[in-house]
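Comments concern the structure below.
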């Protein structure tokens, strides 16, 4: 057999070195893809939370604007009022769900809710919140002079390392006397 002088091939060292470089390149691309996938999933979870809160808050605000009166059973963690049809409605948070109760039946508006809070502002500008609601509730008709309601919803997806999403909306009560 004759040995050809101009014919060249890959040596074992060259083959191992090119395999090593391709492996490093593949692992780097795979790591970038994994990080982008994690970022995409977290951003999607946050957008889902935000959308759920926005839809729930919009529904609450549309109904509260037309409220006939706010019940004295309301506090900073729940809101009870009579709607335009004369039905008593209650919004509250229970077991990480925002619930709407009407005619004795509770229906969920949003899930993964950490907190719901209501802050009341009277015609005179007095802000009734967590710090002073106990004193206000001693008055028999403390809700009669409320003209502005601030609703704050806080949500956090369970088991996902995404920070909480907080949405706040102010509602001017038009239909109240």
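Residue numbers (our numbering): 197 to 373. A virtual CB, placed ideally from N, CA and C, is assigned to each residue, including glycine.
{"Check": "Specify, as a first and last residue, the run of the beta strand (DSSP E) that residue 274 falls within.", "Outcome": "274 to 278"}
{"Check": "State the beta-bridge partners of residue 323 as determined by DSSP.", "Outcome": "317"}
{"Check": "Identify the continuous beta strand (DSSP E) that holds residue 238 and give its terminal residues.", "Outcome": "Careful: residue 238 lies outside any beta strand (DSSP E), inside the alpha helix (DSSP H) at 208 to 261."}
{"Check": "For residue 167, write down the residues that DSSP places opposite it in a beta bridge.", "Outcome": "As displayed, the chain neither begins before 197 nor continues past 373, which places residue 167 out of reach and without an answer."}
{"Check": "Residue range of the beta strand (DSSP E) that residue 307 falls in?", "Outcome": "301 to 307"}
{"Check": "Have a look at residue 255 and residue 299 and give me their C-alpha separation to the nearest angstrom.", "Outcome": "18 Å"}
{"Check": "Rounding to the nearest angstrom, what Cα-Cα distance links residue 257 and residue 236 in this structure?", "Outcome": "31 Å"}
{"Check": "Name the one or two DSSP bridge partners that residue 365 has.", "Outcome": "347"}
{"Check": "Going by DSSP, which residues form a beta bridge with residue 312?", "Outcome": "349"}
{"Check": "Just the Cα atoms here: how many angstroms apart are residue 367 and residue 234?", "Outcome": "37 Å"}
{"Check": "Starting from residue 328, trace the beta strand (DSSP E) in both directions and tell me its first and last residue.", "Outcome": "Where residue 328 is concerned, there is no enclosing beta strand (DSSP E), given that its DSSP letter is neither H nor E."}
{"Check": "What does the alpha-carbon distance come out to for the pair residue 231 and residue 314?", "Outcome": "39 Å"}
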